[in-house]
Amino acid sequence: MTRLRFLALCSLVATGGCRDDPPADDMPLASGFAQESGQDDQGSGTTTTTAPPTTTTASPTTNSPDSSGEPWGGTEYLGDIHGILTVTFTPAHALSSDDVVGLAGAYRTAEVGWDDTEDLHSVFAYQLALPPPPEEPDTLIPAEPVPTFDWGDDDDWLSAGNGMKLRTSPSEGEPELLACLLGAGTTGQYPVYRSSTAMGVAEACSPDPTGWSAATTYDVVLYGGELFEDNVLLQRVTTPPDLVVTAPDLDALDAPLAADEDLTIEWEPGDDPEARIIIRVIDADTNVITVHAADDGAYTIAAAELGALTVGPLDLLVTRERTDRVQFTAGGLTVLARVERWGFFDLF
Numbered sequence: 344m345t346r347l348r349f350l351a352l353c354s355l356v357a358t359g360g361c362r363d364d365p366p367a368d369d370m371p372l373a374s375g376f377a378q379e380s381g382q383d384d385q386g387s388g389t390t391t392t393t394a395p396p397t398t399t400t401a402s403p404t405t406n407s408p409d410s411s412g413e414p415w416g417g418t419e420y421l422g423d424i425h426g427i428l429t430v431t432f433t434p435a436h437a438l439s440s441d442d443v444v445g446l447a448g449a450y451r452t453a454e455v456g457w458d459d460t461e462d463l464h465s466v467f468a469y470q471l472a473l474p475p476p477p478e479e480p481d482t483l484i485p486a487e488p489v490p491t492f493d494w495g496d497d498d499d500w501l502s503a504g505n506g507m508k509l510r511t512s513p514s515e516g517e518p519e520l521l522a523c524l525l526g527a528g529t530t531g532q533y534p535v536y537r538s539s540t541a542m543g544v545a546e547a548c549s550p551d552p553t554g555w556s557a558a559t560t561y562d563v564v565l566y567g568g569e570l571f572e573d574n575v576l577l578q579r580v581t582t583p584p585d586l587v588v589t590a591p592d593l594d595a596l597d598a599p600l601a602a603d604e605d606l607t608i609e610w611e612p613g614d615d616p617e618a619r620i621i622i623r624v625i626d627a628d629t630n631v632i633t634v635h636a637a638d639d640g641a642y643t644i645a646a647a648e649l650g651a652l653t654v655g656p657l658d659l660l661v662t663r664e665r666t667d668r669v670q671f672t673a674g675g676l677t678v679l680a681r682v683e684r685w686g687f688f689d690l691f
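First residue of the sequence shown? That's 344 in our numbering, and the numbers climb one at a time after it.
Structural data, given as structure tokens:
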């Protein structure tokens, strides 16, 4: 069993990942989430934000909106804070009968930034910093070791309020996806916003997978604590269309794949021009082939590329994803939303 396969399994069994695996400590830094009130919820494309909570970050509220975040204009973010948020929907597969949605996000200063990092979820769910895909479609990066995630100085990470949230509607009882402020690292020194089922973490921090809907626009709610005003940003993030992989057969566990033959991945093409298909093939030594494929329904990885991988257990990860950039009152948030399909094979 590959390292990634084990971590994928434990991540899906317990939404927040294997609790004993570093670096995630699931140390609650705040708890309790109040319903928003006093918001402009007319779906007009404008946004409302609120003053920081008058109590503590444990009970963010949205009373007395007094300023607005603006839609991202395609230029540099305005403000000193840069955040990322990864939202991943993983349908049931050969190792798990359950659908799972996972979130992971964080803030840093604009000066430090995130370089090419958009995917924070894989760092926690699989303990792997999967390399960024190439910019151009139908481009392949040959097999390379999965790099180590650079955590940097803990002072580079910023702690805002106690959550980041996506919601489809402000109405009570409507689906929402919440990432809670938790401590990561050996002493919880890194403030991270993520989903988790760990003991002591609020139940709301383990979102129901039915809260994910493909090709759907979500509001973004950012609880700012003492760092910035709470932001309620309407219709800022759109999830990609669902992904249906038709070849190879992802339902067959440990099906043989010949390293001396081309591997063709096929799927039902999507209709979102902002979405992209990313294919990763990971071997037992966590070497990875990374492909950015045009969303036209098929891509072939040549046998010469597969031949550079270690024979044995092989994980195939096919995702449809899209990135939305959200300007808020104190800076920018880059949101990567994706649906991922897993297959588990035996390379010989």
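For each residue, glycine too, the CB sits at the ideal point set by N, CA and C.
Predicted, not measured: the structure shown is a model, and the values here were computed from it.
Asked	Found
Secondary structure, beta strand (DSSP E): runs of 3+ residues fully inside the region 472 to 507	482 to 488
Beta-carbon spacing of residue 563, residue 579 below 8 Å	yes
Chain D contact for residue 565 (CB, 8 Å cutoff)	No chain D is part of this structure, which consists of one protein chain only.
Nonlocal neighbours in the same chain, by C-beta distance under 8 Å from residue 640, ignoring five residues either side	609, 610, 611, 612
C-alpha distance - residue 442 paired with residue 520, whole-angstrom precision	14 Å
Beta strand (DSSP E) runs wholly inside the region 628 to 652, at least 3 long, in chain order	630 to 636, 641 to 644
Runs of beta strand (DSSP E) lying entirely within the region 552 to 611, each at least 3 residues, in chain order	560 to 565, 573 to 581, 588 to 590, 598 to 600, 606 to 610
Beta-carbon proximity check, residue 452 vs residue 421, cutoff 8 Å	no
Contact check, residue 489 vs residue 473, beta carbons under 8 Å	yes
Alpha carbon of residue 533 to alpha carbon of residue 605, nearest angstrom	43 Å
Residue 447 vs residue 467 beta-carbon contact at 8 Å	yes
Endpoints, the beta strand (DSSP E) within which residue 425 is located	424 to 433
Sub-8 Å separation of residue 677 and residue 668 beta-carbons	yes
Local conformation of residue 547 per DSSP, three classes	helix
Range of the contiguous beta strand (DSSP E) that encloses residue 671	655 to 671
8 Å Cβ cutoff met for residue 682 and residue 593	no
Spatial distance of residue 395 from residue 650 (CA atoms)	Any reading at residue 395 must be qualified, since the residue scores a pLDDT of 28, below 50, and its modelled position is unreliable; the value itself is stated next. Each residue's alpha carbon lies about 55 Å from the other.
Inter-residue Cα distance where the pair is residue 599 and residue 630	19 Å
Neighbourhood of residue 427 by C-beta, 8 Å cutoff - its chain only, sequence neighbours within 5 removed	448, 449, 457, 460, 461, 463, 676, 677, 678, 679
Supposed contact pair residue 671 and residue 576 - C-beta distance, whole angstroms, cut 8 Å	6 Å
Three-state secondary structure (DSSP) of residue 467	helix
Opening and closing residue of the beta strand (DSSP E) in which residue 540 lies	Careful: residue 540 lies outside any beta strand (DSSP E) and carries neither H nor E.
According to DSSP, residues forming a beta bridge with residue 439	436
Neighbourhood of residue 653 by C-beta, 7 Å cutoff - its chain only, sequence neighbours within 5 removed	626, 627, 628, 630
Exposure of residue 553, with buried meaning 16 or more beta-carbon neighbours within 10 Å	exposed
Option in 655, 581, 496, 551 with minimal Cα separation from residue 527	496
Separation of residue 688 from residue 655, as counted between CA atoms	8 Å
Distance CB(residue 506)-CB(residue 524) smaller than 8 Å	yes
Three-way DSSP call (helix, strand, coil) for residue 684 in this model	strand
With 16 other Cβ atoms within 10 Å as the buried cut-off, status of residue 691	exposed
Boundaries (first-last residue) of the beta strand (DSSP E) holding residue 522	519 to 527
Cut-off 8 Å between Cβ atoms - residues of its own chain near residue 437, not counting five sequence neighbours on either side	593, 594, 595, 596, 685, 686, 687
Rounded straight-line distance, which links the Cα of residue 620 to that of residue 581	16 Å
Helix, strand or coil at residue 624 [DSSP, three-state]	strand
Three-way DSSP call (helix, strand, coil) for residue 450 in this model	strand
Same chain only: Cβ atoms within 7 Å of residue 512, ignoring 5 sequence neighbours per side	none
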